[in-house]
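For reference, the structure discussed in these notes is given below.
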Amino acid sequence: MLFSLAGAFLLGAVAQAAVIVPGAAWTDTDGNVIQAHGGGFLEVDSTWYWFGEDKSHNSGSFKAVSCYSSSDLMTWTREQDALSPVAGTNISTDNIVERPKVIYNEKNSEYVMWFHSDSSNYGAAQQGVATASTPCGPYDYRGSFQPLGAESRDMGLFVDGTAYVLYASDNNQNFKISRLDEDFYTVEEQVNVISASTLESPGVLKHDGTYYLIASHTSGWAPNPNKFFTASSISGTFSSEADIAPSSTRTYYSQNTYNLPLGSDALYAGDRWRPNLLGSSRYIWLPLSFASGRPELVWADVWSVDIGAGTYTIAEGTTYEAESATRSGNATLESNSAFSEGQAVGYLGNGGSVIFEDVEGTGAAQWVSIYYANGDSDYRTLTVSVNGGDAVTVDQPDSGGGHVVLSVPVQLTLNAGSNTLTFGSGQDSYAGDLDKIIVYTAS
Ligand SMILES: *[C@@H]1O[C@H](CO)[C@@H](O)[C@H](O)[C@H]1NC(C)=O
Ligand SMILES: *[C@@H]1O[C@H](CO)[C@@H](O)[C@H](O)[C@H]1NC(C)=O
Numbered sequence: 001m002l003f004s005l006a007g008a009f010l011l012g013a014v015a016q017a018a019v020i021v022p023g024a025a026w027t028d029t030d031g032n033v034i035q036a037h038g039g040g041f042l043e044v045d046s047t048w049y050w051f052g053e054d055k056s057h058n059s060g061s062f063k064a065v066s067c068y069s070s071s072d073l074m075t076w077t078r079e080q081d082a083l084s085p086v087a088g089t090n091i092s093t094d095n096i097v098e099r100p101k102v103i104y105n106e107k108n109s110e111y112v113m114w115f116h117s118d119s120s121n122y123g124a125a126q127q128g129v130a131t132a133s134t135p136c137g138p139y140d141y142r143g144s145f146q147p148l149g150a151e152s153r154d155m156g157l158f159v160d161g162t163a164y165v166l167y168a169s170d171n172n173q174n175f176k177i178s179r180l181d182e183d184f185y186t187v188e189e190q191v192n193v194i195s196a197s198t199l200e201s202p203g204v205l206k207h208d209g210t211y212y213l214i215a216s217h218t219s220g221w222a223p224n225p226n227k228f229f230t231a232s233s234i235s236g237t238f239s240s241e242a243d244i245a246p247s248s249t250r251t252y253y254s255q256n257t258y259n260l261p262l263g264s265d266a267l268y269a270g271d272r273w274r275p276n277l278l279g280s281s282r283y284i285w286l287p288l289s290f291a292s293g294r295p296e297l298v299w300a301d302v303w304s305v306d307i308g309a310g311t312y313t314i315a316e317g318t319t320y321e322a323e324s325a326t327r328s329g330n331a332t333l334e335s336n337s338a339f340s341e342g343q344a345v346g347y348l349g350n351g352g353s354v355i356f357e358d359v360e361g362t363g364a365a366q367w368v369s370i371y372y373a374n375g376d377s378d379y380r381t382l383t384v385s386v387n388g389g390d391a392v393t394v395d396q397p398d399s400g401g402g403h404v405v406l407s408v409p410v411q412l413t414l415n416a417g418s419n420t421l422t423f424g425s426g427q428d429s430y431a432g433d434l435d436k437i438i439v440y441t442a443s
């Protein structure tokens, strides 16, 4: 009786997992992978809405702007689509609709969505506007235009009493900020330009009276070191750029999409784009800490947020170093200062494997983070088998040249007590160098 009660409790805990796991396939309350890329967020009466691009068709063309709701920013329910293609218009299924952002217009009691509206070859370079009377709409498309007659591609919105659109203009060379009209239907006045800055994926945070612009540079779908700039007003002169994360990690393989104030810190929401499998692009959400006085991403394998309290908690796990595990076949010890304790195991796959014994488990599904280095220019994969069971294959995005270490999560069900985890067996391609694993009790 006691045993089955405990089992039921653990199952319940799995179903209601309230954690953020950057890089995981994040599922909604129906168990489907969340499709809300290039997303934006809006709070209405303590409910959060996440708007984004549905890329489940693995194509750049417009399928839908999805809408998800949540009370805690971690558990998301898919609502009706907020914006759907309209045949014969600039938002048909032949067009591009990216980076949807929604703000509320008090004057008209109306929700207003702005997005990057484009032709399939990105030649139109417009902003699109749609409106609705409820957060998830469906929204009515009002039209697409070039703001003040200039090109606009990646964009975001910022509201500070007045609303502004932030956008990459002039063939992505000049970054502009323009003020919207009172209805939020159009652009009235350009208030700022950062010339020759080549910025994309912008967000603005106001923190302690300072305006922080956060943006990536332009490298297509591939990640680059995202930057921040500061100014004392939205129309003021922005500082020169500085990194928000160690530049070698290329923003932990992500691109900014939205920045949400979180108490004395902020939440960074980014996309890990996968251009040849767009629907499998992942979300990289991380704490953006201001503890040092400047915004810095804090890597967290597993974490949770309390949006009401304005706090976050990073889970602690148990670390197992690869060099302390048993190597088999061609698996080779690698030394580099980039690795934890200076060592990792290379030549996994193609007959090389590494076996971790005595890995402590809870008996339920739990997150395991795999720290690796993949110096290729494309993804590698790594197999994981628990106690000799069927192997699970984990994607390992290219982590940059040299020995840059990133981590990717996998959810495994370990036995309560001791387990044997085997990595790299049964695969005929090479996996990344394995630095260490961290086993979390959270599911
Ligand atoms: C559609 O885009 C074209 C330019 O590509 C523009 O001239 C036209 O006004 C747009 N139509 C609507 C309804 O937004
Ligand atoms: C070790 O690698 C060599 C190629 O470098 C390969 O021919 C051999 O089969 C590998 N050994 C094992 C046990 O996989």
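Numbering of the sequence shown is given in the UniProt record's numbering, commencing with residue 1 and proceeding in unit increments. Glycine included, each C-beta is placed from N, C-alpha and C at the ideal position. Quick caveat: nothing in here was measured; it's all calculated off a predicted structure.
In this structure, Gly346 is the residue among Gly346, Pro409, Ser377 with its C-alpha nearest to the C-alpha of Gly424. The Cβ neighbour count for Ser169, taken over all protein chains shown within 10 Å, is at least 16; the residue is labelled buried. Relative to ligand 1, the beta carbon of Gly143 is positioned inside 8 Å of a heavy atom.
Rounded to the nearest angstrom, the Cβ distance from Ala163 to Phe184 is 5 Å, consistent with a contact under 8 Å. No residue range can be given for Arg274, since it is assigned to no beta strand (DSSP E) and is classified by DSSP as neither H nor E. In the three-state DSSP reduction, Gly39 falls in the strand class (E or B). The secondary-structure analysis by DSSP pairs Cys67 across a beta bridge with Phe51.
Non-local C-beta neighbours of Asn32 in its own chain, meaning closer than 8 Å and more than five positions away in sequence, comprise Arg78, ordered along the chain.
Under the criterion of beta carbons closer than 8 Å, Tyr371 and Gln396 do not qualify as touching, at roughly 10 Å. For Tyr312, there is no enclosing alpha helix (DSSP H); the residue is part of the beta strand (DSSP E) that begins and ends at 311-314. In this structure, Ala124 has its CB closer than 8 Å to one or more heavy atoms of ligand 1.
Approximately 7 Å separates the beta-carbon atoms of Tyr320 and Val439; this is inside 8 Å, confirming the contact.
Apart from sequence neighbours up to five positions away, the residues of its chain that approach Tyr212 with a beta-carbon distance below 8 Å are Val204, Leu205, Lys206, Phe228, Phe229, Thr230, Asn259, Pro295, ordered along the chain. Not one heavy atom of ligand 1 sits closer than 8 Å to the Cβ of Thr186. In this structure, Ser133 sits near Glu110, with a CB-CB distance shorter than 9 Å. When distances are taken from the beta-carbon of Asn121 to the heavy atoms of ligand 1, even the shortest one reaches 8 Å or more. Straight-line measurement puts the Cα of Thr381 at about 21 Å from the Cα of Ala338.
Note on Gly161: under 16 other CB atoms within 10 angstroms of its CB, so exposed under the neighbour-count rule. Ligand 1 never approaches Asn415 closely enough for any of its heavy atoms to be under 8 Å from the residue's Cβ. Comparing alpha carbon positions, the residue from Asn374, Ser418, Ala365, Thr313 closest to Val410 is Ala365.
Rounded to whole angstroms, the gap between the alpha carbons of Leu262 and Val305 is 9 Å. Shown here, Ser248 sits in a helix according to DSSP, grouped into three states. Asp433 and Ser369 have their alpha carbons spaced roughly 14 Å apart. Under the 10 Å beta carbon count, Asp45 is surrounded by fewer than 16 other beta carbons and is classified as exposed. Residue burial annotation: Leu421 is buried, with at least 16 other C-beta atoms found within 10 angstroms of its C-beta.
By the Cβ neighbour-count rule, Ser66 is buried, with 16 or more other Cβ atoms within 10 Å of its own. The stretch 236-246 makes no contact with the stretch 17-29; the number of CB pairs closer than 8 Å stays below 3.
The stretch 388-407 makes no contact with the stretch 354-365: fewer than 3 CB pairs, one atom from each, lie closer than 8 Å. In this structure, DSSP gives Leu148 a helical state, which the three-state scheme calls helix. Secondary structure note for Ala231: its beta strand (DSSP E) is the uninterrupted segment 227-231. Straight-line measurement puts the Cα of Thr198 at about 30 Å from the Cα of Tyr49.
Counting the other CB atoms within 10 Å of its CB gives Leu406 a total of 16 or more, which places it among the buried residues. Here Ser219 is exposed. Its C-beta has fewer than 16 other C-beta atoms within 10 Å. Distance from the CA of Ala36 to the CA of Trp221, rounded to the nearest whole angstrom, comes to 16 Å. For ligand 1, no non-hydrogen atom lies closer than 8 Å to the CB of Asn419. If you draw a 10 Å sphere on the C-beta of Glu200, you find 16 or more other C-beta atoms in it, and that means buried.
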